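Trainee:
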Amino acid sequence: YKFYVTFLDDFSRKCWVYPITQKSQAYDKFIEFYKLMNNIYRLKIKTLKSDKGPEYVNSNFNNFIKDNGIQFIHSEPGAHEQNGCAERLNQTLNNNAKTMLNWAKLPFTFWDEAIQVAAKLYNLNPHQRINNSIPDEIFFNKPIDISNLKVFGCKVAFLNNYKNDKYQDNAKQGKFSDTLMILLVIAS
12 YKFYVTFLDD
22 FSRKCWVYPI
32 TQKSQAYDKF
42 IEFYKLMNNI
52 YRLKIKTLKS
62 DKGPEYVNSN
72 FNNFIKDNGI
82 QFIHSEPGAH
92 EQNGCAERLN
102 QTLNNNAKTM
112 LNWAKLPFTF
122 WDEAIQVAAK
132 LYNLNPHQRI
142 NNSIPDEIFF
152 NKPIDISNLK
162 VFGCKVAFLN
172 NYKNDKYQDN
182 AKQGKFSDTL
192 MILLVIAS
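Numbering (my numbering), first residue to last: 12 to 199.
1. Is MET111 near the ligand MG - that is, is its Cβ less than 6 Å away from at least one heavy atom of it?
2. Under the rule that 16 or more other beta-carbon atoms within 10 Å means buried, what is ALA198, buried or exposed?
3. What are the boundary residues of the alpha helix (DSSP H) that includes SER86?
4. Provide the residue span of the alpha helix (DSSP H) that contains TYR45, from first to last.
5. Rounded to the nearest angstrom, what separates PHE5 and ILE56 at their Cα positions?
6. Pick out whichever of GLU43, ASP78, SER35 and TYR45 has its Cα sitting closest to the Cα of VAL68.
7. With distance defined between alpha-carbon atoms, name the residue in PHE150, VAL162, ASP156 and ILE157 nearest to ASP21.
8. If you draw a straight line from the C-alpha of LEU112 to the C-alpha of TYR45, how long is it?
9. Below 7 Å between beta carbons: does that hold for ASN136 and LYS25?
10. Out of GLU87, SER86 and LYS60, point me to the one whose CA is closest to ILE76's CA.
11. Mapping DSSP to helix, strand and coil, what is CYS165?
12. Measuring CA to CA, which of VAL162, LYS161 and ILE145 is closest to PRO154?
13. With DSSP collapsed to three states, give me the class of TYR29.
14. Just reading off the alpha helix (DSSP H) that TYR133 is part of, what are its end residues?
15. Using the rule of at least 16 other Cβ atoms within 10 Å of the residue's Cβ for burial, across every protein chain shown, is ILE42 buried or exposed?
16. Kindly list the residues whose CB is nearer than 7 Å to the CB of ILE31, restricted to its own chain and excluding five residues on each side of it in sequence; keep chain order.
17. What's the call for VAL28, buried or exposed, on a 16-neighbour Cβ count within 10 Å?
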């Protein structure tokens, strides 16, 4: 993935990140995000704020926004401070993802996993803007259990279910990628 699109809830500061290969996929990811909010969380998106990038200023976006009663606010070109929260979020996620990849000695090909873990960690950390509360706790309105968090890129061993003979190892080595237990197999 070369790009990603982020969505930030202004009230809780919870963010969602969707890796994309082309900026034109931003519309599809917004529809996916809209369905998540509407169908799963039963929440209505009232306002969408973005820059005037062509991925946001097109007939598909405009028609969907109008049809669903969403207020669409555009920041002026070059006026990054008008969309400062999103700009700062993207900078934080980028820095954290790069740091995790460097620490784990993983190549850039794992960028999409790193950026999603960065967003997950962002949602589990206190934020000054919300009185040092935790975005996930505000959004879900309950305490969050972080006891199962693992370090991104730490070494793990997992069961080798694809043994061809009895002399092969029972376990393989990998690197931990996500709290969802995605394992990255390291070829030796």
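Backbone N, C-alpha and C define an ideal beta-carbon position, used for all residues, glycine too. Source: prediction; values computed, not measured.
Mentor: Looking at the atomic coordinates:
1. Questions concerning the ligand MG fall outside what the structure shown contains, since it holds no ligand whatsoever.
2. With a pLDDT of 39 at ALA198, under the threshold of 50, the modelled position of this residue cannot be trusted; read the value that follows with caution. With fewer than 16 Cβ atoms within 10 Å of its Cβ, ALA198 is classed as exposed.
3. Counted as a single uninterrupted DSSP element, the stretch harbouring SER86 is not any alpha helix (DSSP H), since DSSP gives it neither H nor E.
4. 37-46
5. Residue 5 is absent from the structure shown; the chain starts at 12 and stops at 199.
6. SER35
7. PHE150
8. Straight-line Cα distance between these residues: approximately 30 Å.
9. no
10. Among GLU87, SER86 and LYS60, the Cα nearest to that of ILE76 is on LYS60.
11. coil
12. ILE145
13. Of the three classes helix, strand and coil, the one that applies to TYR29 here is strand, per DSSP.
14. Counting along the chain, TYR133 sits inside the alpha helix (DSSP H) bounded by residues 122-134.
15. ILE42 is exposed by the Cβ-count criterion.
16. TYR12, PHE14, TYR15, VAL16, ALA37 and LYS40
17. Burial call: buried.
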